[in-house]
Amino acid sequence: MSSNVLAEGFLEALNLLMSMDPYVMDIIAVSLKVSGTALILAALIGIPLGAFLGLTNFPGKALITALLYTGMGFPPVVIGLFVFILLSSSGSLGSFGWLFTPYGMIMAQSIISFPLVAGFTMTAVMGVDRNLIRQLKSLGATKTQATIATLREARLGVLVSIIAGFGAIISEVGAVMLVGGNIEGATRVLTTAIVLETRKGNFGIAIAFGIILLTIAFIINFTMLRLQNKELSGNE
Amino acid sequence: MNEEFTYEIENISKTYAGNTVLEVEHLSINRGEIFCLVGPSGAGKSTLLRLMNFIETSDTGKIRFLGNTYEAGSVPPLKVTREVTTVFQRSALMTTSVWNNVIYPLKIRGKNITDSEVKRIENILDDLGLLKLRDQRADKLSGGEAQRVALARAIVFKPTVLLLDEPTANLDPANIDIIETIISKYIEQVNSSIVMITHNIFQARRLADRIALLHKGRIIEVNSKNDFFENPHEDTTKDFLSGRMIF
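Note that the protein sequences, when read in sequence, are chains R and B.
Per the working numbering, the very first residue in the first sequence carries number -14; after that it's consecutive.
Per the working numbering, the very first residue in the second sequence carries number 3; after that it's consecutive.
Structure (structure tokens):
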């Protein structure tokens, strides 16, 4: 029975993709738009923050680092709840009118993703040889130039941070369900579509969406890793 | 201002966690000389080099560098600090090609790598036996090759002062010979100063014009190479040269 459902789902996925089903294409587009934009925002905040934390020492750094690590493990649905309250008509950001729109979903996913990007970037930057940073300064690099070179040295770790950030939001359902509302043609993404189709008993379509989701995640991760292919060689 | 000196150091000191590791009353470095710093481990040699490279600042005193005086705690402008660089004992290279490592100082200075520049850089690489490795990843090099890349990267922008912190420690004789040859050639070609820390007194004898002995953060003796070895003034220097120095 279950293998039949899986096989049916796989065939359904192929069928939906091959036929470029508008309903499915729309959901894929919303998923990529929301999670892609959220990831860009998270990277724009998280990478500089991670680099700053990795390269400097200041009073309170331990507290900020602890908060960041807490954020890395924060349940997305709780972040969704906070964002929901903020964006609701009585919330402090209610005037934006972002609740049940992709903007609200992007906001929630950015908040979920940025601690992961910042945390992994910080760890990667801290792993760069201190002697190299000293050497770059000795060669005449400005602080900015030394930071850029350090980030380049930590590029594999930074890439991992982006992949981790992306993985956390593309597969996330609680926050986007709360903040987006799963509105067809507007805020329905792959994860919320899976929940909906499962509830309706359309296991085939739900599995098809699951397979599409996994495929997208795999293609994006594989492409990003291919970009850094040389970095993956072992230390034999 | 005395243009014959690249450095004139007066009464500088450096203290870490209440422990004074360096106290130098006076030291001047002549333009065009190779000046060797010798002394036991923990004597303050590397600390002195870091202050001369302005990576750190002294707690007291002043450093006159290229005609301008910098009081304790003050850092010269970037244009001035870019006239000096250090090759450290451990070559810290970026995980990119040898070529990208070597041109890095030129790139951060906004220099265009023209055809003639490419030729000049290739000549430096050739002198150091690195030309065939120019496209190889720097993190795949041997220790000797990596240190030669570090030296190429340091001299490519023709710094007025080249500081060397035990650049040949742990290297085999062939690599030591290549590096010493380039150091001698560089000082002839560019009217610069080289300050070099070495634990190898034979190396100091081969390369230095003058030598200073540092011990417990203080300069014990500064002398010409010949007098340092043949006619040292201080008993501590005699002890150091005979291997009797008590750490």
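Quick reminder that beta carbons are idealized off the backbone N, C-alpha and C, glycines included.
* Cβ-based contacts, 7 Å cut-off: residues of the region 90 to 122 of chain R near chain B -> Asp114, Asn116, Leu117, Arg119, Gln120 and Lys122
* Asked: For Arg136 of chain B, which beta-bridge partners are listed by DSSP?
  -> Along the second sequence, read from residue 1 onward, the residue named residue 136 of chain B stands at position 134. Its beta-bridge partners do not exist; DSSP assigns none.
* Give the secondary structure of Lys16 of chain B by DSSP, where H, G and I count as helix, E and B as strand, and everything else as coil. => Locating residue 16 of chain B in the second sequence gives position 14, counting from the first residue. Lys16 of chain B: strand per DSSP, three-state reduction.
* Asked: How would you label Gly65 of chain R, buried or exposed, when you count the other beta carbons within 10 angstroms and need 16 or more for buried?
  -> On the first sequence, residue 65 of chain R is found 80 positions in, with the first residue counted as 1. Its Cβ being crowded by 16 or more others within 10 Å, Gly65 of chain R is buried.
* Please state if the CB of Ala210 of chain B and the CB of Lys227 of chain B are separated by a distance shorter than 8 Å. => Within the second sequence, numbered from 1, the residue matching residue 227 of chain B stands at position 225. Within the second sequence, numbered from 1, the residue matching residue 210 of chain B stands at position 208. For Lys227 of chain B and Ala210 of chain B, yes; Cβs fall inside 8 Å.
* If you run the structure through DSSP and keep just helix, strand and coil, what is Asn4 of chain B? -> Working through the second sequence from its first residue, we reach residue 4 of chain B at position 2. Confidence is the limiting factor: at Asn4 of chain B the pLDDT is only 46, short of 50, which leaves the residue's position unreliable and the question unanswerable from this model.
* Nearest to Asn13 of chain B by alpha carbon, out of B:His235, B:Gly219 and B:Leu243? -> Here residue 13 of chain B corresponds to residue number 11 of the second sequence, with the count starting at 1. Closest option to Asn13 of chain B, Cα to Cα, is B:Gly219.
* Ser93 of chain B to Glu58 of chain B, Cα distance in whole Å? -> Here residue 93 of chain B refers to the residue found at position 91 of the second sequence. Here residue 58 of chain B refers to the residue found at position 56 of the second sequence. Roughly 20 Å between the two C-alpha positions.
* Cβ of Tyr18 of chain B within 8 Å of any chain R Cβ -> Here residue 18 of chain B refers to the residue found at position 16 of the second sequence. For Tyr18 of chain B, the answer is no, since every Cβ of chain R falls outside 8 Å of its Cβ.
* **Neighbourhood of Ala156 of chain B by C-beta distance below 7 Å, restricted to the same chain and skipping five residues each side** => Here residue 156 of chain B refers to the residue found at position 154 when the second sequence is read from its first residue. Around Ala156 of chain B: Thr87, Val89 and Leu164.
* Asked: Per the contact definition of three or more C-beta pairs closer than 8 Å, is the region 89 to 99 of chain R in contact with the region 20 to 29 of chain R?
  -> yes
* To do: Give a yes or no on whether the minimum CB-CB distance between Ile199 of chain B and chain R is below 8 Å.
  => In the second sequence, the residue the question calls residue 199 of chain B occupies position 197. With 8 Å as the cut-off, Ile199 of chain B does not count as an interface residue toward chain R.
* Three-state class that DSSP yields for Ala154 of chain B in the structure shown -> Mapped onto the second sequence, residue 154 of chain B falls at position 152. Ala154 of chain B: helix per DSSP, three-state reduction.
* Considering only C-alpha positions, which residue in the set B:Arg33, B:Phe204, B:Asp241 and B:Ser144 is nearest to Phe67 of chain B? -> Looking up residue 67 of chain B in the second sequence gives position 65. Cα-wise, what sits closest to Phe67 of chain B is B:Arg33.
* To do: Please compile the residues from chain B whose C-beta is within a distance smaller than 7 Å of the C-beta of Ala126 of chain R.
  => The count along the first sequence starts at 1 and reaches residue 126 of chain R at position 141. Within chain B, the residues near Ala126 of chain R are Ile110.
* To do: Show which residues of chain R have a CB atom less than 9 Å away from the CB atom of Phe90 of chain B.
  => The residue you call residue 90 of chain B lines up with position 88 of the second sequence. Per Cβ cutoff of 9 Å: Asn116, Arg119, Gln120 and Ser123.
* Asked: From the beta carbon of Ile57 of chain B, is the nearest beta carbon of chain R less than 8 Å away?
  -> The residue given as residue 57 of chain B occupies position 55 in the second sequence. Cβ-Cβ to chain R under 8 Å: yes for Ile57 of chain B.
* To do: Determine, using beta carbons only, whether Tyr72 of chain B comes closer than 8 Å to chain R.
  => Position 70 of the second sequence, counted from the start, is the residue given in the question as residue 72 of chain B. Closer than 8 Å: no.
* Asked: Which of helix, strand or coil does DSSP assign to Thr87 of chain B?
  -> Here residue 87 of chain B corresponds to residue number 85 of the second sequence, with the count starting at 1. It is a strand residue.
* Which listed residue (B:Tyr188, B:Ile196, B:Gly145 and B:Ala154) has its alpha carbon closest to that of Ala176 of chain B -> As a first step, residue 176 of chain B is located in the second sequence; it is residue number 174 there, counting from the start. The shortest C-alpha separation from Ala176 of chain B is found at B:Gly145.
* Residue-chain proximity (Ala178 of chain R, chain B), Cβ-Cβ < 8 Å -> For the purposes of this step, residue 178 of chain R is taken as residue 193 along the first sequence, with counting starting at 1. So, not an interface residue.
* To do: Quick one: which residues of the region 19 to 52 of chain R get their C-beta closer than 8 Å to a C-beta of chain B? List them in chain order.
  => none
* To do: Kindly indicate if chain R contains any beta-carbon less than 8 Å away from that of Leu130 of chain B.
  => One-based indexing of the second sequence puts residue 130 of chain B at position 128. Not one chain R Cβ lies under 8 Å of Leu130 of chain B.
* Could you tell me which chain B residues have their CB closer than 9 Å to the CB of Ala134 of chain R, listed as they occur along the chain? => Here residue 134 of chain R refers to the residue found at position 149 of the first sequence. Under the 9 Å cutoff, chain B gives Met96, Tyr106 and Ile110.
* Inter-stretch contact (C-beta, 8 Å, three-pair minimum) for the region 94 to 102 of chain B and the region 135 to 152 of chain B -> yes
* Asked: Using the beta-carbon count (16 or more within 10 Å), is Tyr188 of chain B buried or exposed?
  -> On the second sequence, position 186 is the one that residue 188 of chain B refers to. Buried, by the Cβ-count rule.
* Given 8 Å as the limit, is there contact between the region 189 to 203 of chain B and the region 14 to 29 of chain B, that is, 3 or more CB pairs closer than that? -> no
* 8 Å CB neighbourhood of Thr238 of chain B in its chain, flanking five on each side removed -> As a working mapping, residue 238 of chain B is identified with position 236 in the second sequence. Correct list, in chain order: Leu215, His217, Ile222, Glu223 and Met247.
* Asked: Cβ atoms of Phe159 of chain B and Arg111 of chain B: under 8 Å apart, would you say?
  -> Reading the second sequence from its first residue, position 109 is the one you call residue 111 of chain B. Reading the second sequence from its first residue, position 157 is the one you call residue 159 of chain B. Closer than 8 Å, so yes.
* **CB contact below 8 Å: Leu80 of chain B versus chain R** => The residue labelled residue 80 of chain B in the question sits at position 78 within the second sequence. Cβ-Cβ to chain R under 8 Å: yes for Leu80 of chain B.
* To do: Please decide whether Arg2 of chain B counts as near chain R, where near means a Cβ-Cβ distance under 8 Å.
  => Coverage of chain B is limited to positions 3 through 249, which leaves residue 2 of chain B absent and any answer about it impossible.
* Where in the region 35 to 99 of chain B do unbroken runs of the alpha helix (DSSP H), each at least 4 residues long, occur, reported from the N-terminal end onward? -> 47 to 54 and 80 to 83
* Where does the unbroken beta strand (DSSP E) through Arg220 of chain B begin, and where does it stop? -> Position 218 of the second sequence, counted from the first residue, corresponds to residue 220 of chain B. Run containing Arg220 of chain B: Arg220 to Ser226, per the beta strand (DSSP E) assignment.
* Which residue from R:Ile32, R:Asn(-11), R:Ile154 and R:Ile196 puts its Cα closest to that of Val143 of chain R? -> Numbered from its first residue, the first sequence carries residue 143 of chain R at position 158. Taking only the C-alpha atoms, the option nearest Val143 of chain R is R:Ile32.
* Look at the alpha carbon of Gln149 of chain B and the alpha carbon of Ser194 of chain B, and state the distance between them as a whole number of angstroms. => For the purposes of this step, residue 149 of chain B is identified with residue 147 of the second sequence, where counting begins at 1. For the purposes of this step, residue 194 of chain B is identified with residue 192 of the second sequence, where counting begins at 1. Their Cα atoms are separated by approximately 21 Å.
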